[in-house]
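This note's numbering applies: residue -19 is where the sequence shown begins, and numbers increase by one.
Using N, Cα and C, we set each Cβ at its ideal position, and we do this for glycine too.
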Amino acid sequence: MMRRASAAGAVLLLAGCAGPRPSIPQSAAVVAPTAWRVDGGAGAIQAIQNDWWESFGDPALNALVGEALRNNVDVMVAASRVAQARAQFRLVASAARPAIGVGGQGGYGRSLNAFGVGLDQVDGTASVTGSYELDLFGRLAEARGAARADLLASQAARDTVRLAVAAQVVEGYIGLRALEAQLAIAQDTLATRAQELELIRHRAAAGYSPALDLAQAEAEYQVAAQLVPATRSAITRQENGLSLLLGKAPGAIAPGAAIDGLVAVRVPVSLPAQVLRQRPDIAEAEDRVVAADRQLDVARASFLPRIQLSASGGAVASNILPNPVSLFSLGGSILAPLFEGGALRARQSIAAATRDQAAFAYRKAALTAFAEVENAMESNQRLAQQLAAAEQQRAALATARALAVNRYRAGYAPYLDQLDAERSLLSARLSVVDLRAARLRAIVVLYRSLGGGWSAPVGGSAVAP
């Protein structure tokens, strides 16, 4: 009884050396807003589909996103990190299982016996050894839990990369189709100004237009001529950027729907608290907190004894023995820290600080998510308003341009009035394309900020807990 009391007292003494368990700082807590600042239909019952890019209604875009998710280099790297974390989990989990080994050796030799006669000796041994650590204080279980949380975090990080790549492909595709639309506008403008230049040449030759009109028409034609190659160059760069996302060498991108044909869908917006469960980057940050918290318990368990059991058995056979001889041994060991110069307490402090850093990183990820959703909702609404106004402006400028052309040709207005109207119309047409692309990109950003239809795997992981 006295021995048991002494052992229990020693364990309590060692546990007391660890001190009270540090708790997560209250300042790292996250309180989700009750509602968004922008009214975006929050709390919609309809959930976002994980193939959200299909809502734009372009099969060519769907094919590009699928290709990127299969071949993108960043996606492959993220997948390999998951494989690494899964292997690390198995490695840590193996420490809680018995270790068994086998061995054997044999030999042949000749020696002299007591009578000076040579004696040939053939012998061999075979053995089986095993060891097992009793996890009485949960050190191995906590290490296994930390490794499992790291695995879940790596899976969430992979999903974050996949979501980012899909969004980048869609945004790049929208940019490409916008540039193609602007190229068509530039070519149309160039053709129109070529006709006007030819007309003014005839008028100048006949004395109906001054040389100033001809010089201005020539200058405007050259402006349009510069716009075409500049836009073609931008298209090439955009295609090369998309090719990189697709994991292949630079090349042309297959044609698809025009920018006007991409559907500007209404995105169902979740409540702020729901967003915390719909974004893989927040899930990753949360799993990092769990892993660091379990590592803190591992560090605290280092203050307590480690109990190791061992056993071995085998046999020895020799030609000088009538029968093989069996051998065995059973044993155990207890290793408890007595004095390590403050190293154990320092490791605990390091683990606690690491856990706190992960908690603050989680808070930052959550606050960033709230801001991103708010900004995306705001941009989506305001860009829709801007686009509507820009389309009305374009229509008005088209009317003004037609009137200016008629007045100039009838001799009621100078050519400068027509030039001003044409410049304004060109700017408005290009602006409408830019705003339409910006509106579509804002929808992509909103999809991404809401998690892109992501949900945590059922049960947390394919690895058994």
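Taking the Cα positions, PRO302 is about 52 Å away from ALA281. In the three-state scheme derived from DSSP, where H, G and I count as helix and E and B as strand, TYR88 is classed as strand.
Distance check between VAL82 and each of GLY231, GLY104, VAL108 and ALA65 places VAL108 closest, using alpha-carbon atoms only.
In this chain, the beta strand (DSSP E) harbouring PHE308 covers 305 to 315. Counting C-beta pairs closer than 8 Å gives three or more between the stretch 262 to 272 and the stretch 334 to 346, which meets the contact rule. Under the DSSP assignment, SER290 falls outside any alpha helix (DSSP H), being part of the beta strand (DSSP E) whose first and last residues are 286 to 298. Restricted to the stretch 245 to 292, not a single beta strand (DSSP E) segment is unbroken, complete and at least 3 residues in length. The three-state secondary structure of GLU113, taken from DSSP, is strand. Pairing ALA174 with ASP54, the inter-Cα distance amounts to about 48 Å.
Beta-bridge partners assigned by DSSP to LEU99: SER91.
Here DSSP, grouped into helix, strand and coil, assigns SER359 to helix. Beta-carbon to beta-carbon, ASP193 and ALA184 are separated by about 7 Å, close enough to satisfy the 8 Å threshold.
Selection ASP130, GLY118, GLY46 and PRO5 evaluated against ALA67 yields ASP130 as nearest (Cα-Cα).
Secondary structure of GLY83 (DSSP, three-state): strand. Cβ contact annotation for ARG17 (same chain, cutoff 7 Å, sequence separation greater than five): GLU354, in chain order. Out of SER313, THR211, GLN202 and ALA364, the CA that lies nearest to the CA of GLU113 is found in SER313. For THR105, the secondary structure class from DSSP, reduced to helix, strand or coil, is strand.
Cβ neighbours of ALA279 within its own chain (closer than 6 Å, five residues either side excluded): ARG327, GLN328 and ALA331. A direct Cα-Cα distance of roughly 29 Å separates SER359 from LEU207. Two segments are said to touch when three or more pairs of C-beta atoms, one from each, lie closer than 8 Å; by this definition the stretch 44 to 62 touches the stretch 122 to 136. Assignment of TYR388 by DSSP, reduced to helix, strand and coil, places it in the helix class. A distance of 8 Å or more separates the beta carbons of PRO190 and ALA40.
Assignment of ILE180 by DSSP, reduced to helix, strand and coil, places it in the helix class. Exposure of TYR392 is indicated by the presence of fewer than 16 other C-beta atoms within 10 angstroms of its C-beta.
Under a 10 Å Cβ-count criterion, ALA210 is classified as exposed, with fewer than 16 other Cβ atoms of the shown protein chains found around its own Cβ. Three or more beta-carbon pairs drawn from the stretch 32 to 47 and the stretch 136 to 155 are found closer than 8 Å, and the two stretches are therefore classed as touching. Here DSSP, grouped into helix, strand and coil, assigns VAL424 to helix. The C-beta distance from LEU415 to ALA378 rounds to 17 Å, too long to meet the 8 Å contact threshold. Annotation: ASN52 is outside any alpha helix (DSSP H) and is labelled neither H nor E by DSSP.
By the criterion of a C-beta distance shorter than 6 Å, ALA123 is surrounded in its chain by VAL72 and VAL278, once the five residues flanking it on both sides are discounted.
Using a 10 angstroms sphere on the CB of SER74, the tally of other CB atoms stays under 16, which defines it as exposed. Within its own chain, the residues whose Cβ lies closer than 7 Å to the Cβ of SER411, once the five positions on either side in sequence are excluded, are ALA370, listed in chain order. Cβ atoms of ARG374 and ALA408 come within 8 Å of each other, at about 4 Å. Excluding residues up to 5 positions away in sequence, GLN196 and GLU200 lie with their Cβ nearer than 7 Å to the Cβ of LEU399 in the same chain. The beta carbon of GLU264 lies closer than 7 Å to those of ALA133, ALA136, ALA137 and THR140 in the same chain, with the five residues before and after it left out.
Under the criterion of beta carbons closer than 8 Å, LEU420 and ALA232 do not qualify as touching, at roughly 22 Å.
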